Structure formats: structure tokens, C-alpha cells
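The opening residue of the sequence shown carries number 0 in this note's numbering; numbering runs sequentially from there.
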Amino acid sequence: MNKKIWLSSPHMGDEEFGFVKEAFDTNWIAPLGPNVDGFEHDLEQFTGSGFAAALSSGTAALHLALIILGVQAGDEVICQSFTFSATANPIVYLGATPIFIDSEPETWNMSPELLEQAIKDRIAKGKKPKAIIPVHLYGMPAHIEQIMAIAAHYDIPVIEDAAEALGTTIHGKNAGTFGLIGILSFNGNKIITTSGGGALISDNKEMVEKARFLSTQARDPAPHYQHSEIGYNYRMSNISAGIGRGQMKVISDRVSQRRKVYDRYVQHLSQLKGIRFLSEPDGYFSNRWLTAITIAPEQSGGVDREMVRKSLEKENIESRPLWKPMHLQPVFAGYPAYVNGISEDLFNNGLCLPSGSNLSDDELGSVIKQIENVLTSKSISI
Ligand SMILES: *Cc1c(COP(=O)(O)O)cnc(C)c1O
């Protein structure tokens with residue numbers, strides 16, 4: 000068996016271990032300490048966001064963002080349908096109702112048109128949505144400027160899910176800094192990792208301080224333990240943050256390495272019939288977290304996504320269908336959705352290719368060769 004080629008695996012730099020060792024040497028083994036402060040500072044510097052709170056996960060950041068915006072049981076929250084379930088789950092944790100919005104074809108993210116249609120319809124039905132959660136999926140920016148304009152017109156706050164988009168920019172401004180609140184993830188497969196972790200970012204200082212307060216069990220200032228609000232254990236550990244500080248030294252390299260992986264796929268595969276890549280609209284800069292393609296069987300001589308995926312699997316190469324939209328998930332089936340069929344098509348025909356910044360030229364070459372083989376029917380032994 001060939002050595003496994005992963006979709007996206009952790010890629011450490013040279014300095015992570017130094018920060019972790021320092022935490023050990025100084026006995027800062029806790030969900031607070033110099034690495035947590037340092038990592039927050041690094042995130043603020045890199046994203047240009049005023050403030051950052053380092054948390055235990057991106058999901059925790061979304062949960063706290065919704066709480067800070069006052070979302071309660073019975074409220075409605077608009078959410079991009081084409082995403083990972085972690086975007087939508089925290090809405091349900093709070094007893095609120097997710098309202099799912101389908102994608103537009105250019106970036107695969109939230110359709111501004113459907114968003115506006117949904118807002119009008121929800122208001123007409125008697126409830127104004129409490130928040131809007133667009134996502135920059137696979138690192139490709141959403142049409143965030145249009146989304147922000149619509150949100151401003153109806154005066155609804157935006158929580159930007161930039162979990163997959165650290166290093167992504169739109170007209171030079173970082174993903175996650177358009178909304179009132181942005182969230183980031185540092186899970187193991189993301190563009191940088193702290194093993195597990197996330198952050199809430201905002202230019203609103205009170206909101207970020209509130210996130211830190213809620214994430215450390217909502218302790219009132221008192222010598223004893225006193226609580227006036229329900230708290231959470233969502234702070235990032237000083238060990239994880241040490242990994243994060245090391246990773247922030249190499250984030251720009253990681254973005255260029257991922258973009259090179261994308262370029263190499265395009266160079267070799269884009270002329271194959273039926274294969275399509277997601278290109279960047281003018282002024283949009285994707286971190287290319289994952290390279291995603293669609294395969295149209297009617298143009299590829301009958302080769303479909305599953306045939307490509309299975310033939311890669313046989314070579315011990317991990318690839319993965321695009322996210323299954325939330326409005327098609329059994330667990331979310333009963334919730335309102337405003338759909339146009341685009342995310343369903345993407346789910347049926349789309350595939351994420353190995354995209355790690357640590358892929359060797361040889362590994363990338365063997366992925367490309369296998370895809371070429373399937374699509375040019377040199378080996379239809381599936
Ligand atoms: C990874 C991810 C999250 C959740 O982040 P965790 O740190 O894994 O909790 C949320 N939204 C999207 C789009 C993600 O990809």
C-alpha cells in the first residue's frame with residue numbers, strides 16, 4: 000500500500016515547540032497565560048481585527064457570538080446552508096431556529112439574492128431574524144460586501160464564519176473582519192492548527208471582553224465564586240495557544256503553499272473535460288484551504304465524482320465530497336430553507352482534493368496522475 004495522502008494534515012513550523020516548552024518551564028498549564036495573550040495579539044495583528052478572544056473551538060466561538068447578540072429560544076437566525084454542521088449547531092443549542100440560505104454559483108457561498116428574499120419573507124411572517132451567518136467556505140470569500148449591505152439595510156448583525164478562511168481577503172480586507180463578529184477555527188485540519196481551538200474576533204471591545212468572561216465560567220468580580228450569568232468552559236489552553244503562536248509565524252507561508260497546490264491542480268487538470276475549478280472573482284483572494292473541483296459526468300464521458308473518489312481511495316489517497324448542505328441533513332430537515340438547487344448540485348458533483356501545505360511534489364503528482372487516468376479512461380478499474 001502507498002503511504003496515505005491526507006486531505007489536509009497538520010503542518011508544524013519550527014517555533015511551536017519552543018512556545019509549548021516555555022509554558023511547561025514556567026508552569027503555565029492552564030486556560031490562561033502568556034501564550035493565550037500572545038496568540039490573541041498575533042491574531043489581531045494578522046487579521047487587522049481590533050480584538051480577539053482565543054477559545055476552545057470555532058464552534059464555541061459561534062455559540063458565544065450568538066449569546067452575545069442576544070439570541071434566545073424561539074428566535075430565528077439566518078445561516079448559510081452549504082457548510083459544515085458546526086456553523087448551524089450552536090443556533091439549535093440555544094433553542095433558536097436556523098433559516099437556511101442556498102448558495103450563488105460564483106463563490107459557492109450565501110446567495111445575497113436569496114438572503115434578501117428570506118429576510119423579507121421572515122419579516123412578513125412576523126419575525127425579524129436576529130443574526131446572519133455567512134461562511135467563507137474552503138477559504139473562498141463570500142460576496143460579503145453585498146451581504147453586509149443587505150444586513151445593514153435591515154439592521155441585522157452579521158457573524159462571519161471564517162473558520163476555513165484565515166488569510167483570505169476581499170479587496171484587501173481580511174475575512175472575519177466584515178461582520179460585527181467573526182469566528183476562526185484552529186482544528187487539526189484547518190490552514191493552521193492549535194490541535195483544537197478557535198477565536199472570536201471583533202472591533203467591538205465589549206463583545207470580545209464578554210466572550211472572554213463567558214468562556215471562563217462568567218465569574219463576577221468578587222473574592223469568592225459568584226455568578227450572575229450562565230458561564231461556559233470555552234477558553235483556550237496556554238499549551239494550545241503556544242502551538243498557535245508558532246503557527247502564526249508561518250501562516251503567510253501556509254497560504255502561499257496552499258495556493259501553489261491549487262495552481263498545480265489547475266495547470267494539470269483544468270483542460271480535462273468535465274472538470275471545473277472555483278476561480279476567484281476580481282479583488283477576492285482565497286487562502287485555498289482546500290482545492291475543490293466539480294465533475295460533470297455529461298461532459299467527462301460518464302465519469303462521475305464517486306468514480307474519481309473511489310479510484311483515489313484505492314491508491315490510499317483521501318478526497319472528500321463537498322459539504323452536504325444543511326437543508327438536506329436529516330437533523331435539520333424540518334427547518335425553513337430558501338433554496339435554488341446550487342448547493343445540492345455541488346454536493347452531488349463536487350470533490351475536495353488533498354490540499355495540505357505539507358504535500359510533497361511527488362504526492363501531488365500521484366494524485367494528479369490518478370485523476371488524469373480516471374478521466375482519460377486509461378484505467379477504469381474501479
Ligand atoms: C471547522 C469549522 C467550524 C468549527 O470549528 P471547530 O474549531 O472545529 O469547532 C465552523 N464552521 C466551519 C465552516 C468549519 O469548517
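In this text, a Cβ means the ideal position worked out from N, Cα and C, and glycines have one as well. Keep in mind it's a predicted model, so treat the numbers as computed, not measured.
Item: Tell me which residues share the same chain as serine 269 and place their Cβ nearer than 7 Å to its Cβ, disregarding the 5 neighbours each side in the sequence.; Value: Phe276
Item: Closer than 8 Å by C-beta to glycine 73: which residues in its own chain qualify, once you throw out the five before and the five after it? Chain order, please.; Value: Gly94, Ala95, Thr96
Item: Rounded to whole angstroms, what is the Cα-Cα separation between arginine 218 and phenylalanine 284?; Value: 41 Å
Item: So asparagine 173 packs on leucine 6, CB below 8 Å; how close in whole Å?; Value: About 25 Å separates the two Cβ atoms, so there is no contact after all.
Item: For serine 378, count neighbouring C-beta atoms within 10 Å of its own C-beta (all shown protein chains included) and say buried if the count is 16 or more, exposed if not.; Value: With a pLDDT of 48 at serine 378, under the threshold of 50, the modelled position of that residue is not reliable, and the figure given next carries that caveat. By the neighbour-count rule (16 or more Cβ atoms within 10 Å), serine 378 is not buried but exposed.
Item: Who sits around ligand 1, taking every residue whose Cβ is closer than 6 Å to one of its heavy atoms?; Value: Ser56, Gly57, Thr58, Thr82, Phe83, Ala85, Thr86, Val134, Asp160, Ala162, Glu163, Ser184, Asn186, Gly197
Item: Tell me which residues share the same chain as glutamate 297 and place their Cβ nearer than 8 Å to its Cβ, disregarding the 5 neighbours each side in the sequence.; Value: Gly273
Item: Between the Cα of serine 365 and the Cα atoms of Ala22, Tyr264, Met306, which residue gives the shortest distance?; Value: Tyr264
Item: With H, G and I counted as helix, E and B as strand and the rest as coil, what does DSSP make of serine 239?; Value: helix
Item: List the whole-angstrom C-beta distance separating alanine 64 from valine 35, where the pair is believed to meet the contact cut-off of C-beta under 8 Å.; Value: The pair is not a contact, with the Cβ atoms about 19 Å apart (cut-off 8 Å).
Item: Looking at the secondary structure, which residues open and close the beta strand (DSSP E) in which alanine 291 lies?; Value: 290-294
Item: Would you mind sorting aspartate 160 into buried or exposed? The rule is 16 or more other CB atoms within 10 Å of its CB.; Value: buried
Item: With a 10 Å radius around its C-beta and 16 neighbouring C-beta atoms as the bar for buried, classify aspartate 41 as buried or exposed.; Value: buried
Item: When you compare each of Ile341, Asn372, Gly178 to phenylalanine 81 by their alpha carbons, which one comes out closest?; Value: Ile341
Item: Suppose the cutoff is 8 Å on Cβ atoms and the five residues either side in sequence are ignored; what does the same chain contact list for valine 330 look like?; Value: Ser84
Item: Apply the 10 Å Cβ neighbour rule to phenylalanine 50 and answer buried if 16 or more other Cβ atoms are within range, or exposed otherwise.; Value: buried
Item: Going by DSSP, what residues sit across from aspartate 160 in a beta bridge?; Value: Val134, Ile182
Item: Would you call the CB atoms of proline 128 and isoleucine 67 closer than 9 Å?; Value: no
Item: Would you kindly check if the distance between the Cβ of proline 156 and the Cβ of glycine 175 is under 9 Å?; Value: no
Item: So the alpha helix (DSSP H) isoleucine 229 belongs to, where does it begin and stop?; Value: Looking at the DSSP string, isoleucine 229 is not in any alpha helix (DSSP H), and its letter there is neither H nor E.
Item: Considering only the alpha carbon of each residue, which of Leu363, Leu213, Thr293 lies closest to asparagine 232?; Value: Leu213
Item: In angstroms, rounded to a whole number, what distance separates the CA positions of leucine 61 and alanine 336?; Value: 20 Å
Item: Using beta-carbon positions only, say whether isoleucine 182 and alanine 151 come within less than 9 Å of one another.; Value: no
Item: Inspect the beta-carbon positions of serine 194 and isoleucine 242 and report whether they are closer than 9 Å.; Value: yes
Item: So, under 8 Å CB-CB, valine 70 and alanine 117 are touching, yes? Tell me the CB distance rounded to an integer number of Å.; Value: Not really, about 17 Å apart at Cβ, beyond 8 Å.
Item: Within 10 Å of its beta-carbon, does alanine 22 have 16 or more other beta-carbons around it, so buried, or fewer, so exposed?; Value: buried
Item: Considering only their Cβ atoms, is the gap separating methionine 139 from tryptophan 107 smaller than 9 Å?; Value: yes
Item: Three-state secondary structure (DSSP) at glutamine 79?; Value: strand
Item: Which residues bound the beta strand (DSSP E) around leucine 199?; Value: 197-201
Item: Here's the rule I'm using: 16 or more other beta-carbon atoms within 10 Å means buried, otherwise exposed. How should lysine 368 be labelled?; Value: exposed
Item: By how many angstroms is the C-alpha of leucine 136 removed from the C-alpha of aspartate 262?; Value: 18 Å
Item: Give me the Cα-Cα distance between lysine 248 and glycine 171, rounded to the nearest whole angstrom.; Value: 20 Å
Item: Beta-carbon within less than 6 Å of alanine 210's beta-carbon, same chain only, minus the 5 sequence neighbours each way: which residues are those?; Value: Ala52, Leu63, Leu199
Item: Residue range of the alpha helix (DSSP H) that arginine 275 falls in?; Value: That residue, arginine 275, is in no alpha helix (DSSP H); its beta strand (DSSP E) goes 274-276.
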